[in-house]
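See structure below.
Protein chains: 2
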Amino acid sequence: MDAQAWLAERIPPVNAALERWLPGEDAPPARLHAAMRHLVFPGGKRLRPALALAAAEAVGGPSAAALPMAVAVELIHIYSLIHDDLPCMDDDVERRGRPTVHVAFDEATAVLAGDALQSLAFQVLLSEAEPVAGALAARELAAAVGAAGLVGGQADDLAPDPGAAGVEHVLSIHARKTAALMRAAVVGGARLAGAQDERLALLADVGEKVGVAFQIADDCLDAEDEDGCSLVALEGVEPARARAEALLDDVLAGLEGAGESAEPLRALARFAVRREV
Amino acid sequence: MDAQAWLAERIPPVNAALERWLPGEDAPPARLHAAMRHLVFPGGKRLRPALALAAAEAVGGPSAAALPMAVAVELIHIYSLIHDDLPCMDDDVERRGRPTVHVAFDEATAVLAGDALQSLAFQVLLSEAEPVAGALAARELAAAVGAAGLVGGQADDLAPDPGAAGVEHVLSIHARKTAALMRAAVVGGARLAGAQDERLALLADVGEKVGVAFQIADDCLDAEDEDGCSLVALEGVEPARARAEALLDDVLAGLEGAGESAEPLRALARFAVRREV
Numbered sequence: 031m032d033a034q035a036w037l038a039e040r041i042p043p044v045n046a047a048l049e050r051w052l053p054g055e056d057a058p059p060a061r062l063h064a065a066m067r068h069l070v071f072p073g074g075k076r077l078r079p080a081l082a083l084a085a086a087e088a089v090g091g092p093s094a095a096a097l098p099m100a101v102a103v104e105l106i107h108i109y110s111l112i113h114d115d116l117p118c119m120d121d122d123v124e125r126r127g128r129p130t131v132h133v134a135f136d137e138a139t140a141v142l143a144g145d146a147l148q149s150l151a152f153q154v155l156l157s158e159a160e161p162v163a164g165a166l167a168a169r170e171l172a173a174a175v176g177a178a179g180l181v182g183g184q185a186d187d188l189a190p191d192p193g194a195a196g197v198e199h200v201l202s203i204h205a206r207k208t209a210a211l212m213r214a215a216v217v218g219g220a221r222l223a224g225a226q227d228e229r230l231a232l233l234a235d236v237g238e239k240v241g242v243a244f245q246i247a248d249d250c251l252d253a254e255d256e257d258g259c260s261l262v263a264l265e266g267v268e269p270a271r272a273r274a275e276a277l278l279d280d281v282l283a284g285l286e287g288a289g290e291s292a293e294p295l296r297a298l299a300r301f302a303v304r305r306e307v
Numbered sequence: 031m032d033a034q035a036w037l038a039e040r041i042p043p044v045n046a047a048l049e050r051w052l053p054g055e056d057a058p059p060a061r062l063h064a065a066m067r068h069l070v071f072p073g074g075k076r077l078r079p080a081l082a083l084a085a086a087e088a089v090g091g092p093s094a095a096a097l098p099m100a101v102a103v104e105l106i107h108i109y110s111l112i113h114d115d116l117p118c119m120d121d122d123v124e125r126r127g128r129p130t131v132h133v134a135f136d137e138a139t140a141v142l143a144g145d146a147l148q149s150l151a152f153q154v155l156l157s158e159a160e161p162v163a164g165a166l167a168a169r170e171l172a173a174a175v176g177a178a179g180l181v182g183g184q185a186d187d188l189a190p191d192p193g194a195a196g197v198e199h200v201l202s203i204h205a206r207k208t209a210a211l212m213r214a215a216v217v218g219g220a221r222l223a224g225a226q227d228e229r230l231a232l233l234a235d236v237g238e239k240v241g242v243a244f245q246i247a248d249d250c251l252d253a254e255d256e257d258g259c260s261l262v263a264l265e266g267v268e269p270a271r272a273r274a275e276a277l278l279d280d281v282l283a284g285l286e287g288a289g290e291s292a293e294p295l296r297a298l299a300r301f302a303v304r305r306e307v
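In the order they appear, the protein sequences are chains R and B.
According to the working numbering, the residues represented by the first sequence are 31 to 307, in order.
According to the working numbering, the residues represented by the second sequence are 31 to 307, in order.
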């Protein structure tokens, strides 16, 4: 399949929905609204929304059913980037070639913009999705991004020298900080497309492994500016790359019986692990 | 009715549910968990949970039906206090006689604790409430605390001299920063107890007015350390107090036909406006 063509068709509705839900820069409080939009547009790879849409197709649904999940996971992702960039966290001044939110605006506005984006994620999901499946997906999303998931992973990542605790601890940080949201994207996307529990359990495993493999691959790409909390720092680039490939093999084996409709999900898994930029 | 006896019976189950949902300080990441708990226990007046429970009783339900909403609004309230206290916001070092979260822990942990408490609010509500009503209440909560509500009010409150824009602007900040969450508490509590749309519209108005009146009364109590964004600063204590009393009159008139079961809600409205500490 032509992954680029698939993305070129599926991502514009995600961007249109984000545009529809993000409050306008012409309405007050304009500075807050502008800060909320700063990293959403033009945005990055939209990998998490793509995973939600591909999961919906993998279970035989139309990707459009998963659109509320796609928007929600992107809003959560952007909120987490804004807060991670803060001076008290990673203190990053630039992202994707532009100033980070606290640099372009100010620190208070960056905290508030992240806070509002988190609320908006739940608002979109609970407003646009089919009610019962939407509520379940929102509940799973809330669990994935809280203290047991994304936020807990970031807290552990900020500790002094988290890599010193060994490979299992680093993998646990990846599983929470990066993979929990991707897992929620895949499970939620499939849920909104009507998937039943057995398929969802398989897809949860797929989402989690894609997420961990993505983080390992990301660290391999960034091997020069290593921060310590990575398999690259602990084991070197080649063993880390081998682990990511092994996870990808597991993912593709898990999706073996899923047929042609799972091809976009397979393609995204390959892209997450083998991308070169 | 004996308001103290009512509270003494209704609040312990809220505290027990908070204890059940907050992750333990003995489990990792322990520092994050301790920071999440810091302002929750022993906690303050639990006014927002009480409003949710009283609203459930006002529509003829048992207050226990509203427990998930009571927990959710308290978690949101605590998250907003933690973020408001940050150095980049109000820069407060003490709250309720104890160090604020970023002082007791550190700034990064305070940002993350607030973030995780927000997620947890939605997780509790979507896990413990009856699914359809819970999803509606969660959607309303998300809208109430985002850019159009609590966060937007805080953003406007942080602007230089917000009081200069006049009484209407200050009232709009109160309505968003303070009243939106109280309104969501009242509406959500009643919703979980099975109230229908007509009652909910009346209670939304009640919740909003109680919230604005509470904020005005709060500013009257704090008249010495005035920050500019208050009716007290614009009009003086007596006219501000008169506005709060007028809002209370409206609330009590709105609840006139609501019978004996609305007595706790009336008592909380009076307490919100007339409390002396």
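By construction, the Cβ of each residue, glycine as well, lies at the ideal position given by its N, Cα and C atoms.
Source: prediction; values computed, not measured.
Just tell me which of the options has its CA closest to the CA of residue i.
i, options, result
"residue 110 (chain B)", "R:126, R:85, R:138, R:32", "R:138"
"residue 75 (chain B)", "B:67, B:94, B:142, B:107", "B:107"
"residue 33 (chain R)", "R:306, R:295, R:307", "R:295"
"residue 155 (chain R)", "R:285, R:51, R:37, R:291", "R:51"
"residue 181 (chain R)", "R:266, R:307, R:145, R:216", "R:145"
"residue 49 (chain B)", "B:101, B:81, B:143, B:302", "B:101"
"residue 112 (chain R)", "B:141, B:264, B:206", "B:141"
"residue 208 (chain R)", "R:31, R:147, R:77, R:73", "R:77"
"residue 151 (chain B)", "B:127, B:133, B:70", "B:70"
"residue 283 (chain B)", "B:232, B:306, B:46, B:201", "B:232"
"residue 73 (chain R)", "R:91, R:290, R:55, R:46", "R:46"
"residue 84 (chain R)", "R:286, R:216, R:250", "R:216"
"residue 259 (chain B)", "B:163, B:198, B:131", "B:198"
"residue 224 (chain B)", "B:35, B:164, B:116", "B:164"
"residue 203 (chain R)", "R:55, R:218, R:187", "R:187"
"residue 82 (chain R)", "R:53, R:67, R:41", "R:41"
"residue 288 (chain R)", "R:54, R:88, R:66, R:132", "R:88"
"residue 307 (chain B)", "B:226, B:249, B:147, B:285", "B:249"
"residue 290 (chain B)", "B:91, B:162, B:247, B:121", "B:91"
Pop quiz: residue i and residue j are said to be a contact at Cβ under 8 Å. What is the actual Cβ separation, rounded to whole angstroms?
i, j, result
"residue 160 (chain R)", "residue 222 (chain R)", "7 Å"
"residue 262 (chain R)", "residue 274 (chain R)", "With 8 Å as the limit, residue 262 (chain R) and residue 274 (chain R) do not qualify as a contact, their Cβ atoms being about 10 Å apart."
"residue 205 (chain B)", "residue 302 (chain B)", "Not really, about 15 Å apart at Cβ, beyond 8 Å."
"residue 105 (chain B)", "residue 177 (chain R)", "The Cβ separation is near 12 Å, so there is no contact."
"residue 31 (chain R)", "residue 297 (chain R)", "6 Å"
"residue 175 (chain B)", "residue 210 (chain B)", "7 Å"
"residue 276 (chain R)", "residue 285 (chain R)", "Their Cβ separation, rounded to whole angstroms, is 15 Å, which puts residue 276 (chain R) and residue 285 (chain R) out of contact at 8 Å."
Could you give the distance in angstroms between the alpha-carbon of residue i and the alpha-carbon of residue j?
i, j, result
"residue 195 (chain B)", "residue 60 (chain R)", "16 Å"
"residue 169 (chain R)", "residue 57 (chain B)", "22 Å"
"residue 299 (chain R)", "residue 184 (chain R)", "23 Å"
"residue 103 (chain R)", "residue 79 (chain R)", "6 Å"
"residue 245 (chain B)", "residue 239 (chain R)", "49 Å"
"residue 179 (chain B)", "residue 173 (chain B)", "7 Å"
"residue 189 (chain R)", "residue 200 (chain R)", "12 Å"
"residue 123 (chain B)", "residue 64 (chain B)", "17 Å"
"residue 235 (chain R)", "residue 212 (chain R)", "11 Å"
"residue 119 (chain R)", "residue 192 (chain B)", "30 Å"
"residue 43 (chain R)", "residue 44 (chain B)", "42 Å"
"residue 126 (chain B)", "residue 96 (chain B)", "27 Å"
"residue 22 (chain B)", "residue 115 (chain R)", "Absent from the structure is residue 22 (chain B), since the part of chain B shown begins at 31 and ends at 307."
"residue 117 (chain B)", "residue 158 (chain R)", "37 Å"
"residue 128 (chain R)", "residue 66 (chain B)", "33 Å"
"residue 214 (chain B)", "residue 171 (chain B)", "6 Å"
"residue 130 (chain B)", "residue 237 (chain B)", "28 Å"
So, is the C-beta of residue i closer than 8 Å to a C-beta in chain R?
i, result
"residue 118 (chain B)", "yes"
"residue 61 (chain B)", "yes"
"residue 188 (chain B)", "yes"
"residue 248 (chain B)", "no"
"residue 71 (chain B)", "no"
"residue 113 (chain B)", "yes"
"residue 141 (chain B)", "yes"
"residue 145 (chain B)", "yes"
"residue 225 (chain B)", "no"
The ligand GTP and residue i: does any heavy atom of the ligand fall closer than 7 Å to the residue's C-beta?
i, result
"residue 46 (chain B)", "The ligand GTP is not part of the structure shown, which contains no ligands of any sort."
Can you find a CB in chain B that lies within less than 8 Å of the CB of residue i?
i, result
"residue 184 (chain R)", "yes"
"residue 99 (chain R)", "no"
"residue 164 (chain R)", "yes"
"residue 137 (chain R)", "yes"
"residue 157 (chain R)", "yes"
"residue 279 (chain R)", "no"
"residue 201 (chain R)", "no"
"residue 172 (chain R)", "yes"
"residue 53 (chain R)", "yes"
"residue 161 (chain R)", "yes"
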